[in-house]
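Chemist: Residue numbering for the sequence shown follows numbering that gives the first Met the number 0, starting at 0 and increasing by one per position. Before I ask anything, let me first share the structure, which is written out below as structure tokens.
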Amino acid sequence: MKIICWNCQGLGPPWTVCTLNELIRLYDPGLVFLSETKCRNRKCEYLKEKYNMYGINVDARGKSGGLILLWRKDVNLVIQSFSSSHIDTSIVSEIGEAGWRFTGIYGQPDAARRGETWQLLKHLSRLSSRSWVCAGDFNEIMCQEEKSGKIMRPWRHIEAFRECMTDCNLTDLGFQGHLFTWCNMREPPKTVNARLDRPVATPDWRLRFPHACVTHLPRRGLDHCPLLLQLEPGPNVDRKGPKKFFRFEAMWSRASDCEDVIRKFWSGGDDSCAGERVWQRLQAVRGGLNDWDKTCFGHVGRRIQELEKKLESKSGEPASGANWAEYRRDKKELEELLNREETM
């Protein structure tokens with residue numbers, strides 16, 4: 000099974016929805032935990048229908064907060080409890096097998112109230128002896144090395160997080176990818192990066208899933224990167240996905256020369272029977288439109304990959320004015336391409 004956890008910072012912007020679509024298409028996760036959705040139940044119902052999954056929503060409060068948990072219909076999951084900061088579940092992998100727990104967490108964004116999150120986790124830890132994994136945006140770091148920026152994190156906040164993990168018998172699962180999972184998206188020298196998002200688990204959960212691994216996926220220019228928790232090793236993901244059937248793209252109709260391309264390739268064909276001639280013309284128009292698309296629009300999917308890699312590589316570079324200006328340009332282009340891809 001794969002689990003995706005992501006502080007999506009609102010499910011309104013098209014590029015955020017595009018990213019979620021891509022995550023589900025690429026990884027086919029059994030569970031998807033989203034925090035800071037900034038939406039109400041109607042959005043969750045839409046996502047459940049779109050992805051053919053079950054789900055639960057915790058409404059946003061005004062324009063902040065909000066949680067959604069989606070799970071595949073073949074996952075035997077029971078909701079145990081939920082609040083504005085968590086969704087706690089019990090999962091049975093196979094019939095007759097002892098279950099395990101997954102808790103999606105969203106740490107209090109207000110540092111003065113962060114202790115409420117630690118008290119919540121301690122309370123949850125006492126409710127069951129089942130093996131437990133807890134993942135999400137804790138809004139805290141475990142050491143100073145997990146943050147970059149001029150101002151160091153007060154040690155008392157770090158210590159409170161670490162003490163909570165010890166009391167709950169939870170340990171970090173490590174990760175692959177860039178260290179930081181969050182960026183404040185401000186220009187240097189005000190740029191701050193931190194590892195706020197992570198999965199943590201009890202020793203018996205780690206024994207149950209000894210090959211579990213965590214990947215920090217590309218941020219795509221957004222504030223938080225999605226986390227991918229794989230319980231078992233699996234094959235590498237092919238971003239190309241299955242071969243697509245030809246279809247007329249909505250964005251083509253907005254180009255002034257689209258009709259000329261269709262007329263040009265429709266006018267061909269030999270003297271074969273009418274049915275064969277129509278087939279030949281359709282094939283010619285299809286090929287002509289595909290070639291014209293690559294010339295006029297570029298290969299959207301390939302360019303998205305290039306920009307994702309470029310933005311991800313810059314996430315690990317020291318912040319500078321020149322880097323930031325280029326980063327913003329690439330981010331803007333990526334957003335435009337993702338919006339275009341959504342109409343395709």
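In this text, a Cβ means the ideal position worked out from N, Cα and C, and glycines have one as well. This structure is a prediction, so every number in the text was calculated from the model and none was measured.
What are the partner residues of S63, as DSSP defines its beta bridges?
Modeler: Under DSSP, the beta-bridge partners assigned to S63 are R60.
Chemist: Confirm, please, whether the CB-CB distance from G135 to F32 is below 9 Å.
Modeler: yes
Chemist: From C163 to W131, what does the alpha carbon distance come to, in whole angstroms?
Modeler: Computed Cα separation, rounded: 15 Å.
Chemist: Could you tell me whether the region 142–155 touches the region 215–230, where touching means 3 or more Cβ pairs closer than 8 Å?
Modeler: no
Chemist: Less than 9 Å separating the beta-carbons of R152 and I140?
Modeler: yes
Chemist: Evaluate Q8 with the Cβ neighbour count: other Cβ atoms within 10 Å of its Cβ, from every protein chain shown; 16 or more gives buried, anything less gives exposed.
Modeler: Buried, because 16 or more other Cβ atoms sit within 10 Å of the Cβ of Q8.
Chemist: Report all residues from its chain with a CB closer than 8 Å to the CB of P232; omit the five preceding and five following residues, and keep chain order.
Modeler: Here P232 has H210, C212 as same chain residues with Cβ atoms under 8 Å from its own Cβ, once five neighbours each way along the sequence are excluded.
Chemist: Take A193 and list the residues in its own chain whose beta-carbon comes closer than 7 Å to its own, dropping the five residues that flank it on each side.
Modeler: I140, E145, K146, F179, W181
Chemist: Would you decide whether T294 is buried or exposed? Buried here means 16 or more other CB atoms lie within 10 Å of its CB.
Modeler: Per the 10 Å Cβ criterion, exposed.
Chemist: Please identify the residue among N322, P12, I78 whose C-alpha is closest to the C-alpha of R100.
Modeler: Nearest of N322, P12, I78 to R100, Cα basis: I78.
Chemist: Mind checking whether L172 and L227 have CB atoms under 9 Å apart?
Modeler: no
Chemist: Using only the alpha-carbon positions, how far apart do K121 and R328 sit?
Modeler: 44 Å
Chemist: Per DSSP, T369 is paired with what?
Modeler: The structure shown has nothing for residue 369, since the chain only spans 0 to 343.
Chemist: Could you tell me which residues DSSP puts in a beta bridge with M52?
Modeler: R71
Chemist: Along the chain, where does the beta strand (DSSP E) containing S255 start, and where does it finish?
Modeler: Here S255 belongs to no beta strand (DSSP E), and DSSP marks it neither H nor E.
Chemist: Quick check: what's the CA-CA separation for R60 versus T170?
Modeler: 31 Å
Chemist: Tell me the DSSP secondary structure of K37 in three-state form.
Modeler: It is coil, neither helix nor strand.
Chemist: To which residues of the same chain is L76 closer than 6 Å at the C-beta, ignoring the five residues directly before and after it?
Modeler: W70, T88, I90
Chemist: Give me the Cβ distance between L333 and G176, rounded to the nearest whole Å; I'm assuming they're in contact under 8 Å.
Modeler: Separation of the CB atoms of L333 and G176 is rounded to 18 Å, and the pair is thereby denied contact status at 8 Å.
Chemist: If you count every other CB in all the chains shown that lies within 10 Å of the CB of T36, and 16 or more means buried, which is it?
Modeler: buried
Chemist: Quick one: what does DSSP say S80 is sitting in, helix, strand or coil?
Modeler: strand
Chemist: Straight-line CA distance for W365 to R301?
Modeler: Outside the shown range of the chain, which is 0 to 343, sits residue 365, and nothing can be said about it.
Chemist: Please state whether DSSP places P202 in a helix, a strand or coil.
Modeler: helix
Chemist: Give the DSSP-derived three-state secondary structure of F247 in the structure shown.
Modeler: coil
Chemist: Any idea if F137 is buried or exposed, counting beta-carbon neighbours within 10 angstroms, 16 or more meaning buried?
Modeler: Label assigned to F137: buried.
Chemist: Note down the Cα distance separating E186 from L310, rounded to an integer number of angstroms.
Modeler: 15 Å
Chemist: Considering Cα atoms alone, identify which of S34, R113, I261, W204 is closest to H85.
Modeler: Comparing Cα-Cα distances from H85 to each of S34, R113, I261, W204, the minimum goes to S34.
Chemist: R161 to G286, Cα distance in whole Å?
Modeler: 59 Å
Chemist: Could you tell me the distance, in whole angstroms, from the CA atom of L347 to the CA atom of E96?
Modeler: Examination of residue 347 is not possible in this model, given that the chain is present from 0 through 343 alone.
Chemist: Quick one: what's got a C-beta closer than 6 Å to N168's C-beta in the same chain, skipping five residues either side?
Modeler: T201, listed in sequence order.
Chemist: State the CB to CB distance for the pair C38 and D196, rounded to an integer number of angstroms; the pair is presumed to be in contact (CB under 8 Å).
Modeler: At roughly 20 Å, the Cβ-Cβ gap does not stay under 8 Å, so C38 and D196 are not in contact.
Chemist: Please state if the CB of Y45 and the CB of K72 are separated by a distance shorter than 9 Å.
Modeler: Not in contact: K72 and Y45 (Cβ atoms no closer than 9 Å).
Chemist: Taking Cβ positions, are G64 and N56 nearer each other than 9 Å?
Modeler: Going by C-beta atoms, G64 is not nearer than 9 Å to N56.
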